[in-house]
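Presented below is the structure to which this report refers.
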Amino acid sequence: MEQSTKNLISSFFVLLFLSIIAPKIAFSQDIKDKKIADLDTAIYETDKNTLFPLPVVYYTPEAGLFYGASILYNFFTERKKPISPSQIQLAAGYTTKQQTLIFLPFQIFWNQNKWRTLGEFGYYNYAYPFYGIGNSSQQDVFSTYRASFPRVRVFLLKEAAPSLYVGGRYWFENYDIISWDDSGEFQQEDFSGGTYNRTSGIGPAMIYDTRDAIYYPREGHYLESFIEVNHQYTGSTHNYTALSFDYAYYYSPADKTVLAANAYSWSNFGDVPFNRLAQLGGNKKMRGYFQGYFQDNNLLLGQFEVRQELFWRIGINAFASLGQTAETWGDYGMSRWNYAGGAGLRFTFDTKKHINVRLDYAVGKESNGFYIAFNEAF
Numbered sequence: 094m095e096q097s098t099k100n101l102i103s104s105f106f107v108l109l110f111l112s113i114i115a116p117k118i119a120f121s122q123d124i125k126d127k128k129i130a131d132l133d134t135a136i137y138e139t140d141k142n143t144l145f146p147l148p149v150v151y152y153t154p155e156a157g158l159f160y161g162a163s164i165l166y167n168f169f170t171e172r173k174k175p176i177s178p179s180q181i182q183l184a185a186g187y188t189t190k191q192q193t194l195i196f197l198p199f200q201i202f203w204n205q206n207k208w209r210t211l212g213e214f215g216y217y218n219y220a221y222p223f224y225g226i227g228n229s230s231q232q233d234v235f236s237t238y239r240a241s242f243p244r245v246r247v248f249l250l251k252e253a254a255p256s257l258y259v260g261g262r263y264w265f266e267n268y269d270i271i272s273w274d275d276s277g278e279f280q281q282e283d284f285s286g287g288t289y290n291r292t293s294g295i296g297p298a299m300i301y302d303t304r305d306a307i308y309y310p311r312e313g314h315y316l317e318s319f320i321e322v323n324h325q326y327t328g329s330t331h332n333y334t335a336l337s338f339d340y341a342y343y344y345s346p347a348d349k350t351v352l353a354a355n356a357y358s359w360s361n362f363g364d365v366p367f368n369r370l371a372q373l374g375g376n377k378k379m380r381g382y383f384q385g386y387f388q389d390n391n392l393l394l395g396q397f398e399v400r401q402e403l404f405w406r407i408g409i410n411a412f413a414s415l416g417q418t419a420e421t422w423g424d425y426g427m428s429r430w431n432y433a434g435g436a437g438l439r440f441t442f443d444t445k446k447h448i449n450v451r452l453d454y455a456v457g458k459e460s461n462g463f464y465i466a467f468n469e470a471f
């Protein structure tokens, strides 16, 4: 464990060094149009498109150490303000647990922020620990399975009122279970969709966004909510509906200090495949536990984080979270909360848009984990 920790920290600082070098060799495109008569350089000063070719090294307990390559493209779709920076990231790699990932997350703003789309395209060949269903788990009671699947997640939204965007969301996964460890505690035939399932869900979505920045907000609110209807008529093998609320608040009480809070809920109704149950854990929603360590039809989660910039491009974070899962809403209770907390380092590799690389260490009940990733957890 000590040697593994040293390797993780070494990988992190290698990434920091390369992140410093990469911007110096990155392609920078000035999209100013000299032919426009009313050109005002003061309002177009942020219109720089940047391409960062970077090595990618990150770690989560579920995947192990991921190593690969990434191209991070930050750009503006137009020069006329207000316009938020858009981002597309293409990454591919392999993990020390023999997992393959190819993914393309994106968020794009256009027409002076009146339209936005965000989501992800990806392909995964992934091995997962499965700790069963419920609000309590043990690290040594699990089964392991491997799944191969493409994933599509897309929001398309239009501004309906100041800071309020409405539209639709589409989700697709073709989830093929290619192996299951029958010597583990759980057998795949005991769970809906345990051999194969396809989810194809569509429904209304909304985002309310008053943040002062996209990647490192210091002030404002962000609410993302949607209803996802999966049915045989939409292309799913299972008929169920999911309802999600994800709210974050940001406040800056002092220079270079940010307080961030996140409240999150997910509810499923109907015949839900086991891999689409509401899940706690992972590198964003309750760090300190494996993704899916707690899972059931419903979940509630609260997170709080203190973010402090120190000097140069270095910062630190401290965070805490509590959450619970439940079969029905009536099963929620004050005695059922699970807790986690931790701290981390931050390195800002894009100072214009304040895009961070983060290294977090978190501890839960009989569980812990290191996480290295781009951007903040929420």
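Following the working numbering, the numbering of the sequence shown begins with 94 at its first residue and continues without gaps. Yeah, the Cβ is synthetic: ideal placement off N, Cα and C, and Gly gets one too.
- Judged by beta-carbon spacing, residue 208 lies beyond the 8 Å limit of residue 171, meaning their Cβ atoms are not closer than that value.
- Ranking 440, 427, 412 by CA distance to the CA of residue 455 puts 412 first.
- Spanning the alpha carbons of residue 346 and residue 220 requires a straight line of approximately 43 Å.
- Apart from the 5 residues on each side of it in sequence, residue 352 sits with its Cβ closer than 7 Å to the Cβ of 344, 346, 399 in its chain, given in chain order.
- As for any beta strand (DSSP E) of minimum length 3 sitting wholly inside the stretch 259 to 345, the runs are 289 to 302, 313 to 323, ordered along the chain.
- The beta carbon of residue 166 sits closer than 6 Å to those of 144, 181, all from its chain and outside the five residues before and after it, given in chain order.
- Contact fails between the stretch 315 to 327 and the stretch 270 to 289, because fewer than three Cβ pairs, one in each stretch, are under 8 Å apart.
- Secondary structure note for residue 233: it is in no beta strand (DSSP E), with a DSSP letter that is neither H nor E.
- Runs of the beta strand (DSSP E) lying entirely within the stretch 371 to 406 and spanning at least 3 residues, in chain order: 371 to 373, 387 to 389, 391 to 404.
- With respect to residue 175, residue 205 sits close: the two C-beta atoms are nearer than 8 Å.
- Secondary structure at residue 443: strand, using DSSP grouped into helix, strand and coil.
- Proximity to residue 239 across 229, 423, 285, 289 peaks at 289, based on C-alpha coordinates.
- By the Cβ test, the stretch 421 to 439 is in contact with the stretch 369 to 383, since at least three Cβ pairs between them sit closer than 8 Å.
- Looking from the CA of residue 276, the closest CA among 235, 470, 410, 376 belongs to 235.
- Contact fails between the stretch 306 to 316 and the stretch 263 to 276, because fewer than three Cβ pairs, one in each stretch, are under 8 Å apart.
- The Cβ neighbour count for residue 386, taken over all protein chains shown within 10 Å, is at least 16; the residue is labelled buried.
- Non-local beta-carbon contacts of residue 471 in its own chain, meaning distances under 6 Å to residues more than five positions away in sequence, involve 341, 355 in chain order.
- Contact between residue 228 and residue 419 holds: their C-beta atoms lie close to 7 Å from each other, under 8 Å.
- With 16 or more other CB atoms across the displayed protein chains lying within 10 angstroms of its CB, residue 154 is buried.
- In this structure residue 428 is exposed. Its beta-carbon is surrounded by fewer than 16 other beta-carbon atoms within 10 angstroms.
- Annotation: the continuous beta strand (DSSP E) that includes residue 198 extends over 193 to 203.
- Residue 328 and residue 242 have their C-alpha atoms roughly 15 Å apart.
- Buried is the label assigned to residue 184, since at least 16 other Cβ atoms lie within 10 Å of its Cβ.
- Rounded to the nearest angstrom, the gap between the Cα atoms of residue 294 and residue 336 is 11 Å.
- Secondary structure of residue 368 (DSSP, three-state): helix.
- Within the model, the alpha-carbon separation for residue 430 versus residue 158 is close to 30 Å.
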